[in-house]
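Q:
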Amino acid sequence: MSDADVTRPAPSQSLLVRNLVVFAENRLAAGSAVIVLVFVALALFAPLIAPQDPNATDLFSRLQPPAWQAGGDWGHVLGCDALGRDILSRIIYGSRVSMLVGATVVFIATSIGILAGLAAGYLGGWVDTIISRTVDILLGFPYLIFAIGLMAMMGAGLGNIILALVYKEWVIPCRVVRAETLATREQEYVEAARALGASNRHIMLREILPNFLSPVIVVSTIRMANVIILEASLSFLGLGVQPPTASWGAMVADGRAFIMQAWWVSTFPGLAILLLVLALNVASQGLRDAFDPRFHE
Amino acid sequence: MSEPLLSVSGLTKVYRGTPGIVGRLMGRPTLEVKAVSDVSLSVERGEILGLIGESGCGKSTLGRTILRLHEPTEGAIRFDGIDVAALPPREMKAMRRRMQIIFQDPYASLNPRRTVADIVGLPLQLHGLARSKAETRDSVAAIIEKVGLKTAHLDRYPHQFSGGQRQRIGIARALVSRPEFIVCDEPVSALDVSIQAQIIELLSDLKRDMGLTYLFISHDISVIGYLSDRVAVMYLGEVVEIGPVQAILERPRHPYTQTLMSAVPRVEAEGGRKRVRLMGDLPSPLDPPGGCKFHTRCPLATDLCRSRAPVSQSVGIGHHASCHRLNESFNLLEGETA
Numbered sequence: 011m012s013d014a015d016v017t018r019p020a021p022s023q024s025l026l027v028r029n030l031v032v033f034a035e036n037r038l039a040a041g042s043a044v045i046v047l048v049f050v051a052l053a054l055f056a057p058l059i060a061p062q063d064p065n066a067t068d069l070f071s072r073l074q075p076p077a078w079q080a081g082g083d084w085g086h087v088l089g090c091d092a093l094g095r096d097i098l099s100r101i102i103y104g105s106r107v108s109m110l111v112g113a114t115v116v117f118i119a120t121s122i123g124i125l126a127g128l129a130a131g132y133l134g135g136w137v138d139t140i141i142s143r144t145v146d147i148l149l150g151f152p153y154l155i156f157a158i159g160l161m162a163m164m165g166a167g168l169g170n171i172i173l174a175l176v177y178k179e180w181v182i183p184c185r186v187v188r189a190e191t192l193a194t195r196e197q198e199y200v201e202a203a204r205a206l207g208a209s210n211r212h213i214m215l216r217e218i219l220p221n222f223l224s225p226v227i228v229v230s231t232i233r234m235a236n237v238i239i240l241e242a243s244l245s246f247l248g249l250g251v252q253p254p255t256a257s258w259g260a261m262v263a264d265g266r267a268f269i270m271q272a273w274w275v276s277t278f279p280g281l282a283i284l285l286l287v288l289a290l291n292v293a294s295q296g297l298r299d300a301f302d303p304r305f306h307e
Numbered sequence: 114m115s116e117p118l119l120s121v122s123g124l125t126k127v128y129r130g131t132p133g134i135v136g137r138l139m140g141r142p143t144l145e146v147k148a149v150s151d152v153s154l155s156v157e158r159g160e161i162l163g164l165i166g167e168s169g170c171g172k173s174t175l176g177r178t179i180l181r182l183h184e185p186t187e188g189a190i191r192f193d194g195i196d197v198a199a200l201p202p203r204e205m206k207a208m209r210r211r212m213q214i215i216f217q218d219p220y221a222s223l224n225p226r227r228t229v230a231d232i233v234g235l236p237l238q239l240h241g242l243a244r245s246k247a248e249t250r251d252s253v254a255a256i257i258e259k260v261g262l263k264t265a266h267l268d269r270y271p272h273q274f275s276g277g278q279r280q281r282i283g284i285a286r287a288l289v290s291r292p293e294f295i296v297c298d299e300p301v302s303a304l305d306v307s308i309q310a311q312i313i314e315l316l317s318d319l320k321r322d323m324g325l326t327y328l329f330i331s332h333d334i335s336v337i338g339y340l341s342d343r344v345a346v347m348y349l350g351e352v353v354e355i356g357p358v359q360a361i362l363e364r365p366r367h368p369y370t371q372t373l374m375s376a377v378p379r380v381e382a383e384g385g386r387k388r389v390r391l392m393g394d395l396p397s398p399l400d401p402p403g404g405c406k407f408h409t410r411c412p413l414a415t416d417l418c419r420s421r422a423p424v425s426q427s428v429g430i431g432h433h434a435s436c437h438r439l440n441e442s443f444n445l446l447e448g449e450t451a
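Those sequence lines, one after another, are chains L and E.
Quick note on our numbering: the first sequence kicks off at 11 and runs consecutively.
Quick note on our numbering: the second sequence kicks off at 114 and runs consecutively.
(1) Does the separation of the CB atoms of E/Ile330 and E/Leu164 fall below 8 Å?
(2) What are the boundary residues of the alpha helix (DSSP H) that includes L/Phe301?
(3) For L/Trp258, count neighbouring C-beta atoms within 10 Å of its own C-beta (all shown protein chains included) and say buried if the count is 16 or more, exposed if not.
(4) How would you label E/Asp268, buried or exposed, when you count the other beta carbons within 10 angstroms and need 16 or more for buried?
(5) Report the rounded CA-to-CA distance for L/Ile101 versus L/Thr255, giving the unit in angstroms.
(6) Here's the rule I'm using: 16 or more other beta-carbon atoms within 10 Å means buried, otherwise exposed. How should L/Leu26 be labelled?
(7) Nearest-angstrom Cα distance between L/Ile171 and L/Phe151?
(8) Going along chain E in order, which residues have a C-beta closer than 7 Å to the C-beta of L/Gln197?
(9) For E/Gln359, count neighbouring C-beta atoms within 10 Å of its own C-beta (all shown protein chains included) and say buried if the count is 16 or more, exposed if not.
(10) Taking E/Ile256 as the reference, give the member of E/Tyr270, E/Glu441, E/Val229 and E/His272 with the closest Cα.
(11) E/Phe216 touches chain L at which residues, Cβ-Cβ below 8 Å?
(12) L/Asn210 versus chain E: which residues are under 9 Å apart at the beta carbon?
(13) Within 10 angstroms of its Cβ, does L/Phe55 collect 16 or more other Cβ (buried), or is it exposed?
(14) Output the distance between the C-alpha atoms of L/Leu297 and L/Ile45, rounded to the nearest integer angstrom.
(15) Residues in the segment 220-235 of chain L with C-beta within 7 Å of chain E's C-beta atoms, listed in sequence order?
(16) In chain order, which continuous runs of the alpha helix (DSSP H) of length 4 or greater are located wholly inside the segment 285-372 of chain E?
(17) Is there at least one Cβ from chain E nearer than 8 Å to L/Gly265's Cβ?
(18) Examine chain L for any beta-carbon lying closer than 8 Å to the beta-carbon of E/Asn224, and answer yes or no.
(19) Cβ closer than 7 Å: which chain L residues qualify as neighbours of E/Lys206?
(20) Against chain E, does L/Glu8 count as a neighbour if the rule is that its beta carbon must be under 8 Å from one of theirs?
(21) Under a Cβ-count criterion, where at least 16 other Cβ atoms within 10 Å of its own Cβ denotes burial, should L/Met234 be classed as buried or exposed?
(22) Closer than 7 Å by C-beta to L/Trp274: which residues in its own chain qualify, once you throw out the five before and the five after it? Chain order, please.
(23) Buried or exposed for E/Val306, please, with buried defined as at least 16 other CB atoms from any protein chain shown within 10 angstroms of its CB.
(24) Does at least one heavy atom of the ligand MN sit under 7 Å from the Cβ of E/Arg438?
(25) When Cβ atoms are compared, which residues of the segment 171-186 of chain L fall closer than 7 Å to chain E?
(26) Residue range of the alpha helix (DSSP H) that E/Arg177 falls in?
(27) Which term fits E/His433, buried or exposed, when burial requires 16 or more other beta carbons within 10 angstroms of its beta carbon?
(28) Just to confirm, are E/Gln278 and E/Leu304 a CB contact at a threshold of 8 Å?
(29) Within 8 Å, do at least three Cβ pairs link the segment 284-298 of chain E to the segment 327-343 of chain E?
(30) Checking contacts by CB at 8 Å: is E/Leu325 closer than that to chain L?
(31) May I ask you to report which of helix, strand or coil DSSP gives L/Met270?
(32) My guess is that E/His367 and E/Ser427 are in contact by the Cβ rule of under 8 Å, so how many angstroms apart are they, rounded?
(33) Quick one: list the residues of chain E neighbouring L/Glu217, beta-carbon separation under 7 Å, in chain order.
(34) Are there 16 or more other CB atoms within 10 angstroms of the CB of E/Lys246, so buried, or fewer, so exposed?
(35) Looking at the C-beta of E/Pro185, does it have a partner C-beta in chain L at a distance below 8 Å?
(36) Can you give me the Cβ contacts of L/Ala80 inside the same chain, cut-off strictly under 7 Å, excluding the 5 residues immediately before and after it?
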């Protein structure tokens with residue numbers, strides 16, 4: 011039996027390990043990933059890290075400048091806002107809202123998108139028609155205006171922000187998954203599973219999905235940056251998390267009235283948004299490059 | 114003679130292409146392709162029925178429609194006395210344990226993301242044929258060794274195997290649930306010639322050991338001739354001739370079968386057969402010719418052939434052919450109409 015003896019050697023590393031090595035070699039992306047992890051740590055351990063209580067007001071410190079400017083002190087490194095609250099502490103606590111909304115929205119939206127995309131792509135027929143038309147309609151609305159409308163209807167609050175963003179966000183993974191499913195369901199191994207008597211559920215979740223799950227997850231991390239910007243925008247417009255809870259978008263809005271006298275109130279939370287979103291984008295593109303073999307040389 | 118294991122009568126499979134909203138408004142007609150057209154045949158228990166024809170003639174569609182991987186448009190499929198075409202989903206699932214398929218492409222037919230143990234164990238899991246994980250693994254290991262692989266291979270992924278080995282995995286998957294009937298859909302045509310022989314031997318040994326019945330689809334006449342007990346010849350979705358392998362190979366009656374046989378290379382000192390060439394291509398199944406579907410390429414076609422479709426006639430023991438000119442006892446392999 012000559013053909014039984016030519017088994018190729020098993021690769022010494024799993025695909026995941028090899029992809030992570032490729033990712034780590036991309037220094038810009040790996041550095042960005044470290045920045046993202048720092049923000050994650052800030053969010054998780056905010057009470058341990060923040061130098062002050064983020065909601066403690068001190069009217070004697072109103073609009074106190076950052077420590078390195080005249081009138082500043084090292085008790086409030088980035089200065090204070092109009093109510094004398096410590097800006098650094100509020101930025102650290104504000105990262106919790108951004109991270110929570112970003113991660114939750116992307117997780118829920120990706121889960122819904124995967125299921126809807128699989129159903130549309132594999133079952134076809136009227137299921138596909140309903141899902142695909144819904145996707146088309148949602149894509150027709152500008153994202154932010156859609157979310158503002160929903161927030162106006164549902165009222166402000168953390169849970170409602172997540173809902174308002176999920177309503178539209180699931181469309182993106184859904185379209186990707188539907189297209190991949192259409193291609194994968196024509197494979198003979200799917201027909202083999204049907205010939206064996208496998209249920210649609212088994213075929214969709216066990217035979218089709220594993221073939222493109224990791225790229226879909228990677229793509230969804232790219233979306234997290236977008237969701238964080240949208241949350242900041244809604245909070246800026248006063249439709250997001252309600253005061254006194256610290257949120258970057260709301261902090262930028264708070265400082266707007268004093269931008270000429272106290273630039274630091276708006277600037278530092280704005281920089282935090284910029285840094286996190288930039289780092290997320292660069293890191294997730296690095297992930298995509300590492301996990302998509304087409305980008306390997 | 115006892116009842117055949119599988120009998121198909123009047124089986125038809127039509128694919129419809131809907132032209133879409135714009136097309137319908139423009140009055141474009143629905144496209145129809147009759148991939149399988151009014152096919153009747155039967156397979157006895159323990160027999161190998163070879164199914165032969167050019168690519169695109171509907172061989173694979175017939176095999177898959179019998180297994181209801183594609184739903185039949187018309188006709189009856191009786192398997193062991195049960196009308197498979199009318200089975201509700203739950204009973205169809207149970208029936209799938211008894212009838213299986215081996216695919217042509219050993220690369221596309223195995224999920225790259227699952228291990229050999231998962232792939233081969235799936236039928237046991239789906240049909241509740243093993244009480245525990247250990248029992249599943251034992252059954253999988255047993256069948257894996259039976260098809261000539263090693264138990265050490267169980268935790269590997271398909272890409273770690275050669276084409277021949279992958280086809281063995283596909284065979285193990287089809288056989289692990291102890292089916293009675295297997296559709297072999299060109300199981301060796303994607304393999305190297307040296308490995309083809311091994312797989313054919315394996316299929317033939319397994320058939321004997323496990324008491325299987327095969328519908329063996331191929332375009333390779335020598336493979337069909339080696340394995341089959343009987344042979345059916347398809348042209349444009351119809352079975353044009355069916356009979357014992359000896360008769361089809363040595364005394365083919367339908368002009369299409371005769372031209373097929375003349376294409377087989379032979380080693381003969383002198384004389385030999387005449388080579389008959391078919392003119393033109395297979396007509397488009399979207400617009401099949403009227404009358405006898407073969408008339409556009411048949412060297413013997415008459416006005417009758419162009420206007421009326423022939424019916425199947427008996428031309429020997431268990432040997433049937435559909436042609437208007439059968440009683441003229443022509444043989445294209447020896448010369449013009451005798």
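Glycine is no exception: its CB is placed at the ideal position from the N, C-alpha and C atoms.
A: Considering the structure as presented:
(1) Here residue 330 of chain E refers to the residue found at position 217 when the second sequence is read from its first residue. Here residue 164 of chain E refers to the residue found at position 51 when the second sequence is read from its first residue. Cβ distance < 8 Å, so E/Ile330 and E/Leu164 count as in contact.
(2) Along the first sequence, one-based indexing puts residue 301 of chain L at 291. Taken as a continuous stretch (DSSP letters only), the alpha helix (DSSP H) holding L/Phe301 covers Trp274 to Phe301.
(3) Indexing the first sequence from 1 puts residue 258 of chain L at position 248. So L/Trp258 ends up on the buried side.
(4) Working through the second sequence from its first residue, we reach residue 268 of chain E at position 155. E/Asp268 is exposed by the Cβ-count criterion.
(5) As a working mapping, residue 101 of chain L is identified with position 91 in the first sequence. As a working mapping, residue 255 of chain L is identified with position 245 in the first sequence. Spanning the two alpha carbons is a distance of roughly 11 Å.
(6) Your numbering for residue 26 of chain L matches position 16 in the first sequence. So L/Leu26 ends up on the exposed side.
(7) Within the first sequence, residue 171 of chain L is the residue found at index 161, counting from 1. Within the first sequence, residue 151 of chain L is the residue found at index 141, counting from 1. If you take the alpha carbons of L/Ile171 and L/Phe151, they lie about 17 Å apart.
(8) On the first sequence, residue 197 of chain L is found 187 positions in, with the first residue counted as 1. Here the neighbours are Ala221.
(9) Stepping through the second sequence from its first residue, residue 359 of chain E is reached at position 246. Exposed.
(10) As a working mapping, residue 256 of chain E is identified with position 143 in the second sequence. Answer by Cα proximity: E/Val229.
(11) Position 103 of the second sequence, counted from the start, is the residue given in the question as residue 216 of chain E. Near E/Phe216 (Cβ distances below 8 Å), the residues of chain L are Glu198, Glu201 and Ala202.
(12) To locate residue 210 of chain L, count along the first sequence from 1; it is residue 200. The contacting residues do not exist; L/Asn210 stays about 10 Å from chain E at best.
(13) Residue mapping note: residue 55 of chain L aligns to position 45 of the first sequence, counting from 1. So L/Phe55 ends up on the exposed side.
(14) By one-based count along the first sequence, residue 297 of chain L stands at place 287. By one-based count along the first sequence, residue 45 of chain L stands at place 35. Rounded to whole angstroms, L/Leu297 to L/Ile45 spans 15 Å at the Cα level.
(15) Pro220 and Asn221
(16) 306-323, 334-340 and 358-363
(17) Position 255 of the first sequence, counted from the first residue, corresponds to residue 265 of chain L. False, the Cβ-Cβ gap to chain E never drops below 8 Å.
(18) By 1-based counting over the second sequence, the position of residue 224 of chain E is 111. Yes, E/Asn224 counts as interfacial toward chain L.
(19) Locating residue 206 of chain E in the second sequence gives position 93, where the first residue counts as 1. Those within 7 Å of E/Lys206 in chain L are Gly207.
(20) Residue 8 of chain L cannot be examined here, being either before or after the span of chain L that is shown, 11 to 307.
(21) In the first sequence, counting from the first residue as 1, residue 234 of chain L sits at position 224. Classification of L/Met234: buried, given that the 10 Å Cβ count is 16 or more.
(22) As a position in the first sequence, residue 274 of chain L is number 264, starting the count at 1. Only Pro75, Pro76, Leu88, Gly89 and Ile97 meet the Cβ criterion.
(23) Looking up residue 306 of chain E in the second sequence gives position 193. When all chains shown are included, E/Val306 counts as exposed.
(24) This structure simply doesn't include the ligand MN, nor any ligand for that matter.
(25) none
(26) For this step, residue 177 of chain E is matched to residue 64 along the second sequence. Per DSSP, E/Arg177 belongs to the alpha helix (DSSP H) from Lys172 to Ile179.
(27) Walking along the second sequence from the start, residue 433 of chain E turns up at place 320. Looking at its Cβ environment, which holds 16 or more other Cβ atoms inside 10 Å, E/His433 is buried.
(28) Locating residue 278 of chain E in the second sequence gives position 165, where the first residue counts as 1. Locating residue 304 of chain E in the second sequence gives position 191, where the first residue counts as 1. In this structure, E/Leu304 does not lie closer than 8 Å to E/Gln278 by Cβ.
(29) yes
(30) For the purposes of this step, residue 325 of chain E is identified with residue 212 of the second sequence, where counting begins at 1. With 8 Å as the cut-off, E/Leu325 does not count as an interface residue toward chain L.
(31) Walking along the first sequence from the start, residue 270 of chain L turns up at place 260. In this structure, L/Met270 counts as coil in the three-state DSSP scheme.
(32) Sequence index remark: in the second sequence, residue 367 of chain E carries index 254 (1-based). Sequence index remark: in the second sequence, residue 427 of chain E carries index 314 (1-based). With a Cβ gap of about 13 Å, E/His367 and E/Ser427 do not count as contacting.
(33) Indexing the first sequence from 1 puts residue 217 of chain L at position 207. Ordered by position in chain E, the residues that pass the 7 Å Cβ test against L/Glu217 are Asn224.
(34) By 1-based counting over the second sequence, the position of residue 246 of chain E is 133. E/Lys246 should be labelled exposed.
(35) Taking the second sequence and counting its residues from 1, the one referred to as residue 185 of chain E is at position 72. Chain L contact via Cβ: absent.
(36) On the first sequence, position 70 is the one that residue 80 of chain L refers to. No residues qualify anywhere along the chain.
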